[in-house]
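Worksheet: the structure to be examined is printed underneath.
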Amino acid sequence: MNATEKFHEEAAADSSSLNRLPDEIILQILTKLVDLKTLCFCHLVSRRFSSIVLQVDTVSFIAPLLNPPTSDHNTDSDPAATGFPKKLFWSLINGVVLKPIHLLRRMVVPSTRPLPPIISSFYGDSFRSAVSFLSKFRGVKSLSIELPSSTHRGIDNSCLFKWKVKFGNRIESFLFLSPNSISDTNSSSHVKQNNNIENIEEEEEETEPSIDSFKQKVHIAFQCLKDVIVRHRMLLYFMKDLPVLEKVCITDSGERGRLSLSGGKLAEVREWIHSAPDNVKPQMNRIEVPVNVSQCYVPVLNMPVSGCVMKGITLVVMRMDDVEGEDDCFTNGEDGFGDRVELAYSEAVMEILENHKDKMKRLL
1 MNATEKFHEE AAADSSSLNR LPDEIILQIL TKLVDLKTLC FCHLVSRRFS
51 SIVLQVDTVS FIAPLLNPPT SDHNTDSDPA ATGFPKKLFW SLINGVVLKP
101 IHLLRRMVVP STRPLPPIIS SFYGDSFRSA VSFLSKFRGV KSLSIELPSS
151 THRGIDNSCL FKWKVKFGNR IESFLFLSPN SISDTNSSSH VKQNNNIENI
201 EEEEEETEPS IDSFKQKVHI AFQCLKDVIV RHRMLLYFMK DLPVLEKVCI
251 TDSGERGRLS LSGGKLAEVR EWIHSAPDNV KPQMNRIEVP VNVSQCYVPV
301 LNMPVSGCVM KGITLVVMRM DDVEGEDDCF TNGEDGFGDR VELAYSEAVM
351 EILENHKDKM KRLL
């Protein structure tokens, strides 16, 4: 017997042994796989496996990297370097605040297709195919999706920032925090935004950000909001298509922020989705953009809990018009920024919202 014949004989024996296992045992094995791509391969093995795979109740998926259409140049508008301060200010607001809002309203358009085209434009046809396969898992209870980090113009791995969002059936509040540098109080060095290591004692942070720095930070905040809008819409469609979902989390590979729902909050959104299907569908297709925008700049924050020092911190808070002063969702630690490494961001948010509110400036 040659090697090829021996291989096929052993494979047939293994397949026969596997086929003799009861469905319950095979399901227990498949449930431990979790990864959607692996489950897809198992789904193709046989008709029997195909039906068993779709009974798995926990699924995770890492979306492939995609370079989205580079339309971000529309959001860039350099304010005039000369003229009266008031004229300069309004030029800046028009370029980095009003334009992104109008762009968002144009980009997020109604669709009657199962998955809105805007999602494919961000994450590609392979992602659409994966979501199509995922929709067959009618019994999935826990869903975790990791999307690629933002590749918008002006955003790269050297940028220091994170965001949080309060949402239900719509986005209510969005918070963006971006320091110029973060350092360990027990170390003589720190990481700047360009990832260069500098001596702490040699750097003095400006009391006010430059026009260019302000413009860049607000621009990045609006690009992140655009990502959040797409992910929120994606989450609603998952909840609509997966009827027994109990927990869902959408994050990104750069760990900039996440959207997650579980427990009572998820139940409220599901009730809204299924309360009046004819009325809900148009509402799911209509995206509301937070237009109440405030910004704050703090030169230095010393944070004893995390043991870190932040310099040049920019905080941008966006709210719906009918959401007033509800900062508890950003300071109560619930669904915070994440692990110990990110504790400094949560502490910085709490410090600013509790002790530096007088520095908040209304942009819109």
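Under the UniProt record's numbering, the sequence shown has 84 at position 84, and the numbering climbs by one with no breaks. Just so you know, even glycine gets a beta-carbon here, dropped at the ideal spot from N, CA and C.
What's the gap between the Cα of Val316 and the Cα of Lys226?
-> 14 Å
Using the Cα positions of Val323 and Glu172, report the straight-line distance between them to the nearest angstrom.
-> 7 Å
Return helix, strand or coil for Leu134, following the three-state DSSP convention.
-> helix
If you count every other CB in all the chains shown that lies within 10 Å of the CB of residue 391, and 16 or more means buried, which is it?
-> Nothing about residue 391 can be reported from this structure: the residues present for the chain run from 1 to 364 only.
Status (buried if at least 16 other CB within 10 Å, exposed otherwise) for Asn196 = For Asn196, the predicted model reports a pLDDT of 41, less than 50, meaning its position is unreliable and no value from the coordinates is stated.
CB Gly139 to CB Gln28, shorter than 9 Å?
-> no
C-alpha gap between Ile211 and Cys296, whole angstroms = 14 Å
Would you list, in sequence order, the uninterrupted alpha helix (DSSP H) runs of no fewer than 4 residues that lie entirely inside the UniProt domain "F-box" (15 to 65)?
-> 23 to 31, 36 to 43, 47 to 53
Asn302 classed as buried or exposed, judged by whether at least 16 other C-beta atoms fall within 10 angstroms = exposed
Report yes if the CB atom of Cys224 is closer than 9 Å to the CB atom of Gly264, and no otherwise.
-> no
Can you tell me which of Leu36, Lys240, Phe137, Cys159 puts its alpha carbon nearest to the alpha carbon of His219?
-> Cys159
Between Met239, Ser150, Gln216, which lies nearest to Pro271 when the distance is taken from Cα to Cα?
-> Note on residue identity: the sequence assigns Glu, not Pro, to residue 271. It is Met239 whose Cα lies nearest to the Cα of Glu271.
Relative to the C-alpha of Glu246, which residue among Ser253, Leu261, Ser275, Glu255 is closest?
-> Leu261
Leaving out five residues before and five after Ser60 in sequence, what residues of the same chain have Cβ atoms less than 8 Å from its Cβ?
-> Val34, Asp35, Leu36, Leu143, Ser144, Ile145, Glu146
Round the Cβ separation of Met320 and Asn292 to the nearest angstrom and send it over; I've been treating them as touching at under 8 Å.
-> 7 Å
Reduced DSSP secondary structure (H/G/I, E/B, other) of Cys308 | strand
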